[in-house]
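Accompanying notes for the structure given below.
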Amino acid sequence: QVQLVESGGGLVQPGGSLRLSCAASRRIFSNYAMGWYRQAPGKQRELVATITSIGSTNYAGSVKGRFTISRDNAKNTVYLQMNNRKPEDTAVYYCHTVPVSTRASWGQGTQVTVSS
Numbered sequence: 017q018v019q020l021v022e023s024g025g026g027l028v029q030p031g032g033s034l035r036l037s038c039a040a041s042r043r044i045f046s047n048y049a050m051g052w053y054r055q056a057p058g059k060q061r062e063l064v065a066t067i068t069s070i071g072s073t074n075y076a077g078s079v080k081g082r083f084t085i086s087r088d089n090a091k092n093t094v095y096l097q098m099n100n101r102k103p104e105d106t107a108v109y110y111c112h113t114v115p116v117s118t119r120a121s122w123g124q125g126t127q128v129t130v131s132s
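When we follow this note's numbering, the leftmost residue of the sequence shown carries the number 17, and every step to the right adds one.
And the structure:
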């Protein structure tokens, strides 16, 4: 299985920005749509941003206009630029294929906390 490793999380004040990265252990990105998911305490994991193999993007309504997903196939990396953060964005963020494929395993995620 391909391993996915998320990084870049941390504590940010409301309105602040953060950039997350997701690196794959080997090349799969060129063939798959990739997405960022998040799971807040006590809630189910949700898909917040998707990017297809050709770069088309889609966002959940709660993050549209604030988050930007991008990918670098040469580096096997997907990014999530998060601007104008809100307290409700606090969650553990994961990346994975869209839809979820058994060819990749879930990483440990990266914690993002939005608090003043």
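Glycine included, every Cβ here is placed at the ideal spot set by N, Cα and C.
query, result
"For S37 and S55, the rounded distance between their alpha carbons", "The residue asked about is misnamed: residue 55 is Gln in this sequence, not Ser. For Q55 and S37, the distance between alpha carbons rounds to 17 angstroms."
"Nonlocal neighbours in the same chain, by C-beta distance under 6 angstroms from V94, ignoring five residues either side", "C38, M50, R87, C111"
"Span of the beta strand (DSSP E) around Y109", "107 to 113"
"Those residues which DSSP pairs with W52 across a bridge", "A65, C111"
"Counted within 10 angstroms of its Cβ, other Cβ atoms place G31 as buried (16 or more) or exposed", "exposed"
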